[in-house]
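Chemist: Quick one: structure below, then a few questions.
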Amino acid sequence: MQKIAIVAYNQSKCLANAGGSNEVELIMPQLRAVFGQVGLNNSQDVDFVCSGSCDYLQGAAFAFVSGVDALGAVPPIKESHVEMDAAWALYESMLKIRMGQAESALIYGFGKSSPGELPIVLSQQLDPYYLAPQWVDTVSLAAMQARLMLDSGAISERDMAEVVARSRNNAMGNSLAQLASTVTADELLAEESYVSPLRKSDCCPISDGASAMIICTVGKAEEWGVPYAIISGIDHRIETHNLAMRDLTDSVSTRQAAAAAGAGQGPIDVAELYAPFSHQEIILSRALGLGAETDINPSGGVLAGNLMMASGLSRIGEVFNRIISGDAQRGIGHATSGPCLQHNLVAVLESEQCSARGNT
Amino acid sequence: MITDIKTPVYLQYKFTAGNSQARFLAQLKRGILTGQRCPSCAKVYCPPRGSCAACGVGTEEEVKLSGKATVQSFTIVAIPIPGNPIKPPFIIANLVPDGANISFIHLMSECVNEEVHIGQRVEAIWAPEEEWDYAMSNIRYFKPLDEPDVAVEDIGHIGVDGEGI
Chain E
-3 MQKIAIVAYN QSKCLANAGG SNEVELIMPQ LRAVFGQVGL NNSQDVDFVC SGSCDYLQGA
57 AFAFVSGVDA LGAVPPIKES HVEMDAAWAL YESMLKIRMG QAESALIYGF GKSSPGELPI
117 VLSQQLDPYY LAPQWVDTVS LAAMQARLML DSGAISERDM AEVVARSRNN AMGNSLAQLA
177 STVTADELLA EESYVSPLRK SDCCPISDGA SAMIICTVGK AEEWGVPYAI ISGIDHRIET
237 HNLAMRDLTD SVSTRQAAAA AGAGQGPIDV AELYAPFSHQ EIILSRALGL GAETDINPSG
297 GVLAGNLMMA SGLSRIGEVF NRIISGDAQR GIGHATSGPC LQHNLVAVLE SEQCSARGNT
Chain Y
12 MITDIKTPVY LQYKFTAGNS QARFLAQLKR GILTGQRCPS CAKVYCPPRG SCAACGVGTE
72 EEVKLSGKAT VQSFTIVAIP IPGNPIKPPF IIANLVPDGA NISFIHLMSE CVNEEVHIGQ
132 RVEAIWAPEE EWDYAMSNIR YFKPLDEPDV AVEDIGHIGV DGEGI
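Residue numbers (the numbering used here), protein chains in the order written: chain E, -3 to 356; chain Y, 12 to 176.
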């Protein structure tokens, strides 16, 4: 099977409010950047385009169609969209390449969450009969999950504060982050409660922005003559929509996806985990069996800035950046969707050398 | 037996039009119809959408258009539409303003519906200045001009001075 590589990635700054910019204006600079990294002109130079977004975020019907205006789709291109995080657009693009229908693909995700009330908007992704009519917001659901964790002794509030402190401090090195500081866990623990037991700092901020990526076969990457990282495995699993039937203190779907993606077949130098709430990073790193040898969320993760519908793709992009820079040889990019980590995707990325070793 | 339930959903948004549309609407508020030119293919979009959809690049250059336009296509609406204050039958038309290459949809009035045709020349009738807002409705409708028709192949290629573009 043809190996598939990431050859370009770019993300906008995470902004609390992108002001007047619409979807096209958020997407276009990211596309220009990734085309520039590979030396392409526009989407005519790739075989397939797939995007991830949700019109509910900005409350503009068919915003995802307007987004196509950023592509240069004349003459017509092969294009698709997922009403999900763009990490799943990456998944669809990989299937397209594996089926032999494309050698290269452009993937982008965008979210302008500031025009609406994101935690309420996300209540509409719940099951339409029992939960959505109650408008149960994402923060309240995550708070219930954190309560289960705390009461069962699985974590302490200090564990959560330490996740946040590490995110804020790591984000000091990330110019695209929205929240970065040298805050300590003690200082965070002194903050008042928001939606008990969560403090505001335990929750990811709401951010506007976009990210884009180009993937292709290794043959194409070598033809283009650009550095690349191999996606050696990718898988996603979903749990039931019925929250009462799930063990919210664990993430079975993440563990299964990681196993299927081959995460355990080598050391994991870096992991970028899509954990919108501090306690969820602990659930995820335990499900993935990550230890001290793994640098978790060196970008600060989504607690430092959460581009809804692009953050999952960005997690994979962050790992790509670290492999290209030589900081890591092998890593995991994780994406989540749905309430309380319902749906999880795991992508395993390897450097060219690391991937070659695995084959011998 | 429960046969149906009502589950109202209210989501509040602060809608933003986009930077390029905001410039367009600000000019409309001043009574000026504008388009924006693609730096790559030179086509002028009205209303601008933030990018040239064909080339995928931003449209920065603002172009002032005249209120004259050409009918590219039209339909006669015969059925009342709930919430629409306009009494049928009325005409909605795809109009290409002089100086632009892409059509927009607007109303036609002060015309004989049965005589409206593709290639017909029309001009904008603006609402009184005190009613101008950040809205396309500042132009109430377009009415026919006493000018020769435009050949189909020339529609979308007429400059603001009447010459070809």
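No residue lacks a Cβ here, since even glycine has one placed at the ideal position from N, Cα and C.
All figures in this text were calculated on a predicted structure; none of them were measured in a lab.
#1: Can you tell me where the beta strand (DSSP E) holding K98 (chain Y) begins and where it ends?
#2: Give a yes or no on whether the C-beta atoms belonging to K54 (chain Y) and R48 (chain Y) are separated by under 9 Å.
#3: Is it true that the CB of A343 (chain E) sits closer than 9 Å to the CB of I234 (chain E)?
#4: Ends of the beta strand (DSSP E) at V298 (chain E)?
#5: With a 10 Å radius around its C-beta and 16 neighbouring C-beta atoms as the bar for buried, classify C52 (chain Y) as buried or exposed.
#6: Would you check if the distance between the CB atom of L244 (chain E) and the CB atom of H330 (chain E) is smaller than 9 Å?
#7: For A59 (chain E) and E19 (chain E), I'd like the C-alpha separation in whole angstroms.
#8: Throw me the rounded Cβ distance for the G205 (chain E) and L11 (chain E) pair, which I believe falls under 8 Å.
#9: Taking the Cβ atom as the reference point for each residue, do S62 (chain Y) and M24 (chain E) lie within a distance shorter than 9 Å?
#10: Do the segment 92 to 112 of chain E and the segment 86 to 97 of chain Y make contact, defined as three or more Cβ pairs closer than 8 Å?
#11: Cα separation between K9 (chain E) and S203 (chain E)?
#12: Strictly under 9 Å for the Cβ-Cβ distance: is V20 (chain Y) near chain E by that measure?
#13: Using a Cβ-Cβ cut-off of less than 7 Å, list which residues of the segment 30 to 43 of chain E approach chain Y; keep chain order.
#14: Are the CB atoms of R195 (chain E) and D246 (chain E) within a distance shorter than 9 Å?
#15: Going along chain E, which residues have a C-beta under 8 Å from Q23 (chain Y)?
#16: Using only CA atoms, which one of E:A69, E:A271 and E:P72 lies nearest to T134 (chain E)?
#17: Shorter than 9 Å from the beta carbon of I16 (chain Y) to some beta carbon of chain E?
#18: Please list the terminal residues of the continuous beta strand (DSSP E) segment that includes M304 (chain E).
#19: Quick one: is M304 (chain E) buried, meaning 16 or more other Cβ sit within 10 Å of its Cβ, or exposed?
#20: Buried or exposed for D43 (chain E), going by 16 or more other Cβ atoms inside 10 Å?
#21: When DSSP labels each residue in this structure, what does R242 (chain E) get in the three-state scheme?
#22: Please return the same chain residues whose Cβ sits closer than 6 Å to the Cβ of L137 (chain E), not counting the five positions on each side in sequence.
#23: Which same chain residues end up closer than 6 Å to G107 (chain E) when comparing Cβ atoms and leaving out the 5 residues on each side of it in sequence?
#24: Alpha carbon to alpha carbon, what distance is there between M(-3) (chain E) and S287 (chain E)?
#25: Can you find the residues in the same chain that come closer than 7 Å, C-beta to C-beta, to V179 (chain E), ignoring five residues on each side of it along the sequence?
#26: Quick check: is the beta carbon of G107 (chain E) nearer than 9 Å to any beta carbon in chain A?
#27: Could you tell me whether any Cβ in chain E is nearer than 9 Å to the Cβ of V171 (chain Y)?
#28: Out of E:S347, E:D231 and E:G322, point me to the one whose CA is closest to T332 (chain E)'s CA.
#29: Short of 7 Å in beta carbon distance, which residues of its chain neighbour T356 (chain E), apart from the five on each side in sequence? Order them along the chain.
#30: Output the distance between the C-alpha atoms of S351 (chain E) and L22 (chain Y), rounded to the nearest integer angstrom.
#31: Given that S114 (chain Y) touches chain E, what residues does it touch there, using C-beta distances under 8 Å?
#32: Can you find a C-beta in chain E that's less than 9 Å from the C-beta of V7 (chain Y)?
#33: Does G61 (chain Y) get closer than 9 Å to chain E when you measure Cβ to Cβ?
#34: Answer yes or no: does any C-beta atom of chain Y fall closer than 9 Å to that of I116 (chain E)?
#35: Could you check whether I87 (chain Y) and V133 (chain Y) sit closer than 9 Å to each other, using their CB atoms as the reference points?
#36: Between V163 (chain Y) and chain E, is there a C-beta pair that is closer than 9 Å?
Modeler: The structure says:
#1: For this step, residue 98 (chain Y) is matched to residue 87 along the second sequence. Unbroken run through K98 (chain Y): none, as it is neither H nor E.
#2: Locating residue 54 (chain Y) in the second sequence gives position 43, counting from the first residue. Locating residue 48 (chain Y) in the second sequence gives position 37, counting from the first residue. In this structure, K54 (chain Y) sits near R48 (chain Y), with a CB-CB distance shorter than 9 Å.
#3: As a working note, residue 234 (chain E) is residue 238 in the first sequence. As a working note, residue 343 (chain E) is residue 347 in the first sequence. No, these two residues do not count as a Cβ contact at 9 Å.
#4: The residue given as residue 298 (chain E) occupies position 302 in the first sequence. Neither: V298 (chain E) is in no beta strand (DSSP E) and is coded neither H nor E.
#5: By 1-based counting over the second sequence, the position of residue 52 (chain Y) is 41. By the 10 Å Cβ count, C52 (chain Y) comes out exposed.
#6: Against the first sequence, residue 244 (chain E) aligns to sequence position 248. Against the first sequence, residue 330 (chain E) aligns to sequence position 334. No, they are not a contact pair.
#7: Stepping through the first sequence from its first residue, residue 59 (chain E) is reached at position 63. Stepping through the first sequence from its first residue, residue 19 (chain E) is reached at position 23. One C-alpha to the other measures close to 7 Å.
#8: Residue 205 (chain E) sits at position 209 when you count from the first residue of the first sequence. Residue 11 (chain E) sits at position 15 when you count from the first residue of the first sequence. Between L11 (chain E) and G205 (chain E) the Cβ distance is about 6 Å, and since that is below 8 Å, they are a contact.
#9: On the second sequence, residue 62 (chain Y) is found 51 positions in, with the first residue counted as 1. On the first sequence, residue 24 (chain E) is found 28 positions in, with the first residue counted as 1. A contact, by the Cβ cut-off of 9 Å.
#10: no
#11: Numbered from its first residue, the first sequence carries residue 9 (chain E) at position 13. Numbered from its first residue, the first sequence carries residue 203 (chain E) at position 207. A straight line joining the alpha-carbon of K9 (chain E) with that of S203 (chain E) spans about 9 Å.
#12: Along the second sequence, read from residue 1 onward, the residue named residue 20 (chain Y) stands at position 9. Interface residue, yes.
#13: For the segment 30 to 43 of chain E, the set of positions with a beta-carbon nearer than 7 Å to some beta-carbon of chain Y reads N38 and S39 in chain order.
#14: Locating residue 246 (chain E) in the first sequence gives position 250, counting from the first residue. Locating residue 195 (chain E) in the first sequence gives position 199, counting from the first residue. Going by C-beta atoms, D246 (chain E) is not nearer than 9 Å to R195 (chain E).
#15: The sequence position of residue 23 (chain Y) within the second sequence is 12, counting from 1. Here the neighbours are G112 and E113.
#16: Residue numbering aside, residue 134 (chain E) sits at position 138 when the first sequence is read from its first letter. Checking every option, the nearest Cα to that of T134 (chain E) belongs to E:A271.
#17: Locating residue 16 (chain Y) in the second sequence gives position 5, counting from the first residue. Interface residue, yes.
#18: Taking the first residue of the first sequence as 1, we reach residue 304 (chain E) at position 308. Taken as a continuous stretch (DSSP letters only), M304 (chain E) belongs to no beta strand (DSSP E), as it is neither H nor E.
#19: Counting from 1 along the first sequence, the entry for residue 304 (chain E) is found at position 308. Burial call: buried.
#20: Position 47 of the first sequence, counted from the start, is the residue given in the question as residue 43 (chain E). The residue in question, D43 (chain E), is buried, as its Cβ has 16 or more Cβ neighbours within 10 Å.
#21: Working through the first sequence from its first residue, we reach residue 242 (chain E) at position 246. Three-state result, R242 (chain E): coil.
#22: Stepping through the first sequence from its first residue, residue 137 (chain E) is reached at position 141. Here the set comprises P335 and C336.
#23: Locating residue 107 (chain E) in the first sequence gives position 111, where the first residue counts as 1. Excluding residues within five positions, the ones whose Cβ falls inside 6 Å are L53, L303, M304, M305 and A306.
#24: Position 291 of the first sequence, counting from 1, holds the residue named residue 287 (chain E). Position 1 of the first sequence, counting from 1, holds the residue named residue -3 (chain E). In the sequence as presented, Ser is not what sits at residue 287 (chain E); that position holds Gly. Computed Cα separation, rounded: 31 Å.
#25: Here residue 179 (chain E) refers to the residue found at position 183 of the first sequence. Hits under 7 Å: A161 and R164.
#26: The displayed structure is made up of protein chains E and Y, and chain A is not among them.
#27: Locating residue 171 (chain Y) in the second sequence gives position 160, where the first residue counts as 1. Among the CB atoms of chain E, none fall inside 9 Å of the CB of V171 (chain Y).
#28: Translated into the one-based positions of the first sequence, residue 332 (chain E) becomes position 336. Comparing Cα positions, the closest option is E:D231.
#29: Indexing the first sequence from 1 puts residue 356 (chain E) at position 360. Its pLDDT being 42, under 50, T356 (chain E) is placed unreliably in this model, and the coordinates cannot settle the point.
#30: Translated into positions along the first sequence, residue 351 (chain E) becomes position 355. Translated into positions along the second sequence, residue 22 (chain Y) becomes position 11. Taking the Cα positions, S351 (chain E) is about 47 Å away from L22 (chain Y).
#31: The sequence position of residue 114 (chain Y) within the second sequence is 103, counting from 1. None at all; the shortest Cβ gap to chain E is about 16 Å.
#32: There is simply no residue 7 (chain Y) to check, as chain Y begins at 12 and stops at 176 in what is shown.
#33: In the second sequence, the residue the question calls residue 61 (chain Y) occupies position 50. Taking CB atoms only, G61 (chain Y) has a neighbour in chain E less than 9 Å away.
#34: For the purposes of this step, residue 116 (chain E) is taken as residue 120 along the first sequence, with counting starting at 1. Yes, I116 (chain E) lies at the interface with chain Y (some Cβ there is under 9 Å from its Cβ).
#35: Reading the second sequence from its first residue, position 122 is the one you call residue 133 (chain Y). Reading the second sequence from its first residue, position 76 is the one you call residue 87 (chain Y). The answer is no: Cβ separation not under 9 Å.
#36: Stepping through the second sequence from its first residue, residue 163 (chain Y) is reached at position 152. With 9 Å as the cut-off, V163 (chain Y) does not count as an interface residue toward chain E.
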